[in-house]
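Written below as structure tokens is the structure these notes are about.
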Amino acid sequence: YKLLLKDGWELIRVHGSHHILKKGNKIETIPIHNKDVPKGLLNAIIKNTGIQL
52 YKLLLKDGWE
62 LIRVHGSHHI
72 LKKGNKIETI
82 PIHNKDVPKG
92 LLNAIIKNTG
102 IQL
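So for the sequence shown, the working numbering puts the first residue at 52; every next one is plus one.
Listed below in structure tokens is the structure:
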């Protein structure tokens, strides 16, 4: 989540435990729960947002 904000993604709204971020025309939903993000979901977020780790 913090990496996306540093990469220029903007928080546009929060719906429950899901943060909706936007950058240009792209919108991504990030679940913010009190546990680790599953590996598959993390890989999908990285792929969809194009961030480099």
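All residues carry an ideal CB built from backbone N, CA and C; glycine is no exception.
Contacting residues, own chain, Cβ-Cβ under 7 Å from residue i (five flanking each side not counted)
i, result
"residue 59", "74"
"residue 99", "79"
Residue burial classification, residue i (beta-carbon count within 10 angstroms, cutoff 16)
i, result
"residue 83", "exposed"
"residue 63", "exposed"
"residue 78", "exposed"
"residue 72", "buried"
Endpoints, the alpha helix (DSSP H) within which residue i is located
i, result
"residue 54", "53-57"
"residue 90", "90-100"
Sheet register partners of residue i (DSSP bridge)
i, result
"residue 62", "72"
Extent of the continuous beta strand (DSSP E) to which residue i belongs
i, result
"residue 81", "77-82"
From the options, residue whose alpha carbon lies closest to that of residue i
i, options, result
"residue 85", "69, 94, 102, 96", "69"
Own chain, CB closer than 8 Å to residue i, minus 5 neighbours either side, in chain order
i, result
"residue 90", "none"
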